[in-house]
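Everything on this sheet refers to the single structure shown next.
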Amino acid sequence: MTRVVKISVAAIVWTLIVFLAVSCSVEKKLAMDFVQSNNSRHVLVFSTDQVFKVNQKRELLDSLKITDESIFDSVLYANSGYLQYINDSLFLANYVLGYLKEMETLGFHVYKESQTLEFLNLDSNAYVANIAQIEIEETIYDYRAGEEIFGEYYYYDFELNALIVNSWIELKEYNKTGNGEQLYFATDMITDDFDGEFYTDLFAGEVRFAYNVDTLETEDLYNFAYLLGRKYASYTIDWMVNKYLDENIPEGKRSDNYWRYDPYRKEFYPEEEDRFIPMDE
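The sequence shown begins at 6 in this note's numbering and counts up one residue at a time.
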């Protein structure tokens, strides 16, 4: 006689919850152990020496009546509001400085390109980060401010100046078999700063929008470059941690979480978007 065993859906769900909770707890502990030993790790940082620049404001070509495709790029560059004034060396210096400073803050022994020979004498716990390519796009960012007032939705559309910084960074664990370079992508944008609010004009009987725009300046981009360097250094730590978990947790036991580290709160949390994008995806 066949015996029928009934298992409730609630029991299955509870089992899965417990399994995931245990998995996450183990991963967080291993991840924390990893970052707490950062002072035993070394990173060599390379950087490109040029910045690619693209003006996406192609409507300029129509207004200037330019039809020769061979000069599109040069015309767009010459008529850019920001790109032609950016000092590549200063931008890169700030970007790399931010990266180096953050890695040092997180406990790493940092090596510049001029210290390559010293780095090559290391035999373990060493990584190479190559800021391989950087591209800056100049464009217009369409932004809508909106608010519901007395049951009716009001909005105001802005056109903001924007600069998009695209970065391609190669990462590799040095002196470890089977660990080739992996290419990653990250992108961030800086725009005009503004503040505004809707208010009711009692005399006119209308809802109006008052605002102030603080126009983006070239100097703002250099400060932004420093912040990007720091941000992508933290992305690099996340890459190291998740790589370590992949290699040290048995197959089938690793959760799908990509862990992000907050060095100020000293805690990990799962992240899907605020991270490097693998170029093989």
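By construction, the Cβ of each residue, glycine as well, lies at the ideal position given by its N, Cα and C atoms.
Note that the structure is predicted; figures quoted are calculated from it, not measured.
Assigned exposure category for residue i - 16 Cβ within 10 Å defines buried
i: K58; result: buried
i: N247; result: buried
i: L226; result: buried
i: S52; result: buried
i: Y90; result: exposed
i: I154; result: exposed
i: L105; result: buried
i: A36; result: buried
i: L125; result: exposed
i: F208; result: exposed
i: A269; result: Before going on, a small fix: residue 269 reads as Tyr here, not Ala. It is exposed - the Cβ of Y269 has fewer than 16 other Cβ atoms within 10 Å.
i: T72; result: exposed
i: L122; result: exposed
i: I136; result: buried
i: E157; result: exposed
Sequence-distant residues of its chain with Cβ nearer than 6 Å to residue i (five each side left out)
i: L2; result: In the structure as shown, the chain begins at 6 and stops at 286. Residue 2 is therefore absent and cannot be evaluated.
i: E186; result: E175 and K177
i: D162; result: R149
i: T220; result: D197
i: V27; result: Low per-residue confidence applies at V27: pLDDT is 48, beneath 50, and the placement is therefore not dependable enough to give any value.
i: T205; result: V212
i: E109; result: V115
i: P275; result: N262
Same chain only: Cβ atoms within 8 Å of residue i, ignoring 5 sequence neighbours per side
i: H114; result: N44, R46, H47 and V48
i: M194; result: Y146, A167, L168, I169 and V170
i: N184; result: K177 and E178
Residues near residue i by beta carbon distance below 7 Å, same chain, minus five either side
i: D93; result: Q55 and V56
i: S85; result: N60 and E143
i: C29; result: S260 and N262
i: L65; result: L81 and N84
i: D251; result: R259
Presumed contact (8 Å Cβ cut-off) between residue i and residue j, rounded CB distance
i: Y263; j: F273; result: Y263 to F273, Cβ: 10 Å. No contact.
i: I287; j: A134; result: Shown here, the chain extends from 6 to 286; a query on residue 287 therefore has no answer.
i: Y216; j: G234; result: About 32 Å separates the two Cβ atoms, so there is no contact after all.
i: I254; j: E118; result: Not quite, the Cβ-Cβ distance comes to about 34 Å (not below 8 Å), so this is no contact.
i: S129; j: N180; result: 6 Å
i: Y87; j: E143; result: 5 Å
i: Q284; j: L188; result: Strictly speaking, residue 284 in this sequence is Met, with Gln absent from that position. That belief holds up - the Cβ atoms of M284 and L188 are roughly 4 Å apart, short of 8 Å.
i: S172; j: I141; result: Actually they are not in contact, since the Cβ atoms of S172 and I141 sit about 10 Å apart, beyond 8 Å.
Proximity to residue i [Cα-Cα], best of the options
i: F203; options: Y159, I139 and E140; result: Y159
i: Y132; options: W244, N253, R63 and R280; result: W244
i: F199; options: Y237, K271, A150 and A209; result: A150
i: F190; options: G112, F281, L97 and E32; result: F281
i: L232; options: K62, L102 and K34; result: L102
i: N228; options: L250, D261, G156 and F96; result: F96
i: K62; options: L81, L69, S75 and K70; result: L81
i: L111; options: T241, L69, Q120 and Q138; result: T241
i: D38; options: E277, Y249, G257 and D279; result: Y249
i: E152; options: D67, Q41 and F214; result: F214
i: V50; options: E224, G257, T192 and Q120; result: Q120
i: Q41; options: G210, K271, E277 and S75; result: K271
List in chain order: all unbroken alpha helix (DSSP H) runs of 4+ residues lying wholly within the stretch 49-132. 64-68, 77-83, 93-110 and 121-125
At 3 residues or longer, and completely inside the stretch 137-179: list those beta strand (DSSP E) runs for me, N to C. 157-178
Taking only runs that begin and end inside the stretch 230-271, name each unbroken beta strand (DSSP E) of 3 or more residues, in chain order. 264-267
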